[in-house]
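Numbering (the working numbering), first residue to last: -13 to 31.
No residue lacks a Cβ here, since even glycine has one placed at the ideal position from N, Cα and C.
Here's the structure, in structure tokens; my notes come after.
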């Protein structure tokens, strides 16, 4: 089978697994800092 031009890797993709500048700060601010901040976690006794 031949390859299409669309199948070639594109370095200008809108979606990328790599973090961009500032994304690490946003990601860290959305994560719970402790188990108490998780929604729906009952207290263990």
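Rounded to a whole number of angstroms, what is the C-alpha to C-alpha distance between residue 26 and residue 3?
Position 40 of the chain shown, counted from the start, is the residue given in the question as residue 26. Position 17 of the chain shown, counted from the start, is the residue given in the question as residue 3. About 29 Å.
Would you report the Cα separation of residue 6 and residue 18, rounded to the nearest angstrom?
By 1-based counting over the chain shown, the position of residue 6 is 20. By 1-based counting over the chain shown, the position of residue 18 is 32. Computed Cα separation, rounded: 21 Å.
Which class does residue 4 belong to by DSSP, given the choice of helix, strand or coil?
The sequence position of residue 4 within the chain shown is 18, counting from 1. Here residue 4 sits in coil by DSSP.
Coarse secondary structure for residue 20, derived from DSSP in three states
One-based indexing of the chain shown puts residue 20 at position 34. Here residue 20 sits in coil by DSSP.
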